[in-house]
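A.B. asks: Numbering (my numbering), first residue to last: 6 to 343. We treat Cβ as the ideally placed atom computed from N, Cα and C, and that holds for glycine. Because the structure is a prediction, the values reported are computed rather than measured.
(1) Starting from the Cα of residue 205, find the closest Cα among 215, 173 and 183 and give me that residue.
(2) Take residue 199 as the anchor and find which of 215, 295 and 223 has the nearest alpha-carbon.
(3) Which whole-angstrom value describes the C-beta separation of residue 147 and residue 126, a residue pair presumed to lie in contact below a C-beta threshold of 8 Å?
(4) Output yes or no for whether 8 Å exceeds the beta carbon distance between residue 207 and residue 217.
(5) So residue 328 is in the alpha helix (DSSP H); what residue range does that whole segment cover?
(6) In angstroms with no decimal places, state the Cα-to-Cα distance between residue 65 and residue 95.
(7) Only counting the same chain, and skipping five residues up and downstream in sequence, which positions put a Cβ closer than 8 Å to that of residue 109?
(8) To which residues of the same chain is residue 179 closer than 7 Å at the C-beta, ignoring the five residues directly before and after it?
(9) With DSSP as the reference, label residue 65 as helix, strand or coil.
(10) Can you list, in chain order, the residues of its chain with a C-beta nearer than 7 Å to that of residue 264? Leave out the 5 residues immediately preceding and following it.
(11) Classify residue 156: buried if its beta carbon has 16 or more other beta carbons within 10 angstroms, exposed otherwise.
(12) Return yes when the Cβ of residue 273 is within less than 8 Å of the Cβ of residue 194, no when it is not.
(13) Going by DSSP in three states, residue 159 sits in which element: helix, strand or coil?
(14) Helix, strand or coil: how does DSSP classify residue 345 here?
(15) Using the Cα positions of residue 3 and residue 262, report the straight-line distance between them to the nearest angstrom.
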């Protein structure tokens, strides 16, 4: 007897700051299984700077990962880290879609100091719609054209066809949203995507994305001195691990206060952590204590089976790749197998 196999999604390639992760799902309605997943220790974004260079060794490593990882098809979706994104918010008037895009581009050119032809831009409306005077706040997310062209050329050299480029924090937000949309019962929750040196904080309300901010961060250093340690209830007083997260927690708290004032009493009920730098359990302790919120690390989204993903792999580190894969349509029709 024959049955149709669930079609596979686009191959999701998450270019991190020091590692590259690839994942592909087979998707059947709302259910999905991780059919292929691999990572390797290299990235075009491993060195800081506005531009990137794709080394021949990286292309070869990507080709080997695709060959050995069990991936199928040619379509792929790419995610890039916070550090290579241009992010800001702007109030834009109510316009037709095409006019809104052009207005957003001109605003981005002014905000980011780049030529019009040097940037690819995406926009998302924030909050509950129009403000007084007919203006609506929008999130502007840009990527330098040189970066987009370099990544597109890179995947083309290994035989893939890119369908989209996404911001890693927003792709990870999709993973968290899939797990939280039922649990919050229409309430407000936050997602903190953490990478080395850069963070992206998103706050979701019942009407969608209400707030997003990208900011630099670095862990505080206690230097081994107990005098520098700030005690947190429930933490072992013999360690100073929680202290290193307090600067990040204070920044998050200020964002919570801003959105609480803006939306009139919309304090997040939960804070979900995503990103490769969000794996320290002390981080959830610090955020819960400072921000008066239940903080937790993201898990595999409901309906997604672990499949071939290493049981020891952190869902935080894979959240952007999984979110990107979950957004894609199945890349091929179902094959038939005995």
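C.D. replies: By the coordinates alone:
(1) 173
(2) 223
(3) 5 Å
(4) yes
(5) 320-332
(6) Cα to Cα, residue 65 sits roughly 41 Å from residue 95.
(7) 95, 97, 126, 128, 143 and 145
(8) Taken in chain order, the residues that qualify are 328, 331 and 332.
(9) helix
(10) Here the set comprises 208, 215, 216 and 271.
(11) buried
(12) yes
(13) helix
(14) For the chain, the structure presents residues 6 to 343; residue 345 sits outside this window and is missing.
(15) What the structure shows of the chain is the stretch from 6 to 343, and residue 3 is not part of that stretch, so it cannot be assessed.
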